Amino acid sequence: MRRAKFDIVAPAGAGAGYLRVPALEEAGVRHGFSCREPAGAARAGVEVGIHRLAEALGLAALPRARLRQVHSSQVRLALAATGADPPEGDALVTPHDRIALAILTADCVPFLVVAPANGGLAAVHAGWRGTLAGVLAAAIACLLQETGADPASLLVVAGPAIRACCYEVGPEVVSAFVKRDPAAGAWFAHPAPGGPKLDLLAANQAQAAGLGVAADRFLDAGVCTRCRNDLFYSYRAEGPGTGRIVTLAAVL
């Protein structure tokens, strides 16, 4: 895993600012991970937030695909706009350019996966349940199948998410992971006092590595949403009423 350099682009007009990873831009992916709304601004609804970010990124004219996220390993192909009733799932894959993919998070990991030589793109929502179910691996496998890309060419980037410093989970979560993979114990720290803490990034990197993604092609922005709750929304810090980070991306 390699730390990704990133920029915070200041808000323009009524919209939120966003985090941008230059390595993704260099791979042909126009993208943003939205920040909190500006101080004093009324919180935008999800659709408004997606639209504002699309305008800020110059993607407003593109068809957009999104999901009703359910913490699963379900991957959906995005070949056109999803409309007002998006399907259930937690990963979107498109083999085509000029389709914008949107996912929502508020501590879970937003992943963008690009096949630079083939033009394919995946957007993935990975909390502990999705990680346990193998959502990132499922998305990568689908992207490889749809594009014929070489796994070694893929670039995987993790955006703002809760990190191991703050992600305390119950013992049942540890048991579920270790039951599925005895090596999963390495992804948990056991501080005292406090319960076990899960490293979602390490768990997902293991999935990517299992499909041939090299460690130096797995990039992490390294921003903890709970630690930087001043900059990003965090479910753990604020509860279910918090806003959502919009991840929006398209290959141009």
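Letter by letter, the sequence shown follows residues 185 to 436 of the numbering used here.
Each residue gets a CB set at the ideal place from its N, CA and C atoms; glycine is no exception.
Keep in mind that this is a model prediction, so the values were computed, not measured.
The region 209 to 224 and the region 267 to 277 do not touch, with fewer than 3 CB-CB distances between them shorter than 8 Å. For the region 256 to 321, the full-length alpha helix (DSSP H) segments reaching 4 residues or more read 312 to 317 along the chain. Contact check for residue 287 against residue 409 fails: the beta carbons are separated by 9 Å or more. Considering only 334, 417, 308, the residue with the shortest C-alpha distance to residue 322 is 308.
The alpha carbon of residue 188 has as its nearest neighbour, out of 355, 239, 382, 207, the alpha carbon of 207.
For residue 337, there is no enclosing beta strand (DSSP E), as DSSP marks it with neither H nor E.
If you check the CB distance, residue 269 and residue 301 do not come in under 9 Å. Here the region 312 to 328 makes contact with the region 247 to 257; the two share three or more CB pairs at distances below 8 Å. For residue 229, the three-state secondary structure derived from DSSP is coil. Nearest in C-alpha terms to residue 228, of all of 426, 373, 339, is 426. A straight line joining the alpha-carbon of residue 249 with that of residue 376 spans about 43 Å. Rounded to whole angstroms, residue 284 and residue 433 show a C-alpha spacing of 5 Å. Rounded to the nearest angstrom, the gap between the Cα atoms of residue 402 and residue 245 is 30 Å.
With fewer than 16 neighbouring CB atoms inside 10 Å of its own CB, residue 414 falls in the exposed class. It is roughly 24 Å from the alpha-carbon of residue 339 to the alpha-carbon of residue 201. DSSP places residue 214 inside the beta strand (DSSP E), whose first and last residues are 213 to 218.
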